[in-house]
Structure formats: C-alpha cells, structure tokens
Amino acid sequence: MSNILVLDLETQRSFKEVGKQNLHKLRISVVGTYDYLTQDYSIYEEKDILQLDKRIREAELLIGFNIRRFDLPVLAPYLFTPIENLPVLDLIDAVEKHRGHRASLDSIAQPTLKLSKSGTGFDALTLFQDGRIEELKRYCLDDVRLTKEVYNYGMANGKIYFTSSWDYKTYEIPVSWREETEEFLRSVKPSSAEFPTSLF
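According to numbering that gives the first Met the number 0, the sequence shown is numbered sequentially starting from 0.
Right, here's the structure in full:
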C-alpha cells in the first residue's frame with residue numbers, strides 16, 4: 000500500500016475579510032485527511048498542524064480538489080516544506096483541461112457518485128464562528144470522503160462526470176489519474192507503481 004494522502008481544509012476567515020490575494024491569511028480551522036497507507040480518516044485543528052506537517056512531508060503524493068490554488072496556499076504558513084516542492088494531484092485540473100473552466104466538487108460528485116456535499120464553505124465558516132467544531136469536523140471529513148471517492152472512481156473507470164452550471168448539461172470527462180499516480184509513485188520508488196491495482 001502506498002503513501003498517499005487525500006486532503007481538504009476549512010478556514011477561520013473569509014475572502015471578504017482578507018482579500019482573494021491573501022489566502023495565507025485565512026488561517027486553518029480544521030484539516031481533514033484520508034490516508035491510503037493506514038486507510039484512516041483523520042482531522043486536525045490548528046493546534047495539531049505540526050502533526051499534519053510531519054505526515055505531509057512523509058507522503059509520496061497529495062490528492063485534493065482545487066488543492067493547488069486554495070488548500071496549499073492556506074497551509075503554506077504552517078508547513079516547513081515549501082508547497083511548490085510537494086507532489087500534488089489536483090482533481091479539478093481534469094475538468095479545466097477538457098471543459099475550459101472551473102468546477103465545484105459537488106458538480107462532479109453528484110453525476111459521478113450520485114452523492115452531494117453536506118454543506119458549503121459558508122456553512123463551514125458559520126460552524127467555526129459559532130464554535131460548533133464537531134459539526135465542522137464532520138463537514139470537512141465529508142468533503143475528504145467525496146474527494147477520495149471521486150478519485151477512486153476515476154482510477155477505476157478512466158473517467159468522471161461533470162454537470163456544468165453554464166448549460167446544466169452533464170459531460171463525461173476522461174481522466175488519466177492512474178497513469179499520473181503511477182508516474183508520481185515511480186519517481187519515488189519503482190515498486191510504488193503497483194499501488195493502483197490495490198486501490199479497490
């Protein structure tokens with residue numbers, strides 16, 4: 000089993016408070032992960048980030064949804080390793096490549112998995128501000144679970160589905176996540192390329 004981590008986070012502040020160019024100022028409320036090495040879901044509060052930093056540095060691949068442009072820049076002030084040096088597979092890239100515009104996790108999870116997000120980013124901010132941390136943790140881990148299942152589906156089928164908010168049509172999106180994962184893991188150690196066959 001290979002050393003792959005699925006990651007999603009929620010923040011303490013909004014873009015309205017810090018500006019869209021200051022993601023590093025949003026501050027983490029919670030970070031959720033799924034670890035393919037241990038097959039465990041974990042949740043980290045801001046005070047636990049040193050533990051998460053160690054796990055991220057050990058990982059051979061980080062998987063997330065819009066992780067390059069959101070999660071990692073928010074995480075950057077907390078990490079010892081520059082985010083540019085981290086091995087990342089960002090699932091949003093497949094939709095942007097084939098449809099030419101961005102997508103939400105929900106717009107992929109619903110047609111691909113017949114599952115929906117349990118809330119929104121605004122809901123997550125409200126939960127944090129209200130001190131409802133256990134509910135916030137559950138929401139974050141729900142997003143981690145959806146991200147992991149979308150990845151697993153793409154790995155198994157070589158495609159996912161996407162419903163556009165522009166024309167409300169559903170499109171089949173080819174993905175090469177198996178090949179990309181193998182390439183990432185092969186660059187770490189040759190035996191890791193065997194990982195995808197043990198995913199399911």
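For each residue, glycine too, the CB sits at the ideal point set by N, CA and C.
Query	Result
Secondary structure, alpha helix (DSSP H): runs of 4+ residues fully inside the region 21-97	48-57 and 71-74
Distance between L104 and L140 (C-alpha atoms, nearest Å)	14 Å
Bridge-paired residues (DSSP) for L140	The partner list for L140 (beta bridge, DSSP) is empty, contrary to what the question assumes.
Segments assigned alpha helix (DSSP H), at least 4 residues, entirely inside the region 105-131	120-128
Bounding residues of the alpha helix (DSSP H) (the contiguous stretch that carries V202)	This structure gives no information on residue 202, because the portion of the chain shown stretches from 0 to 199.
Exposure of T119, with buried meaning 16 or more beta-carbon neighbours within 10 Å	exposed
Inter-residue CB distance, E57 and N2 (contact presumed, cutoff 8 Å)	7 Å
Distance between P173 and K158 (C-alpha atoms, nearest Å)	4 Å
C-beta contact flag for S106 and F69 at 8 Å	no
Given E182 as reference, the closest of P72, L51 and L88 once Cα atoms are compared	L88
Unbroken alpha helix (DSSP H) run spanning V174, endpoints	Here V174 belongs to no alpha helix (DSSP H), and DSSP marks it neither H nor E.
Contact belief for K116 with A108 at Cβ below 8 Å, rounded distance in angstroms	7 Å
8 Å CB neighbourhood of F79 in its chain, flanking five on each side removed	D52 and R56
Coil, strand or helix - K168 by DSSP	coil
Inter-residue CB distance, L85 and R54 (contact presumed, cutoff 8 Å)	Their Cβ separation, rounded to whole angstroms, is 12 Å, which puts L85 and R54 out of contact at 8 Å.
The region 13-21 in contact with the region 125-144 per 3-pair CB rule at 8 Å	no
Short Cβ contact (8 Å threshold) for L6 with V17	no
Residues near E134 by beta carbon distance below 8 Å, same chain, minus five either side	L126
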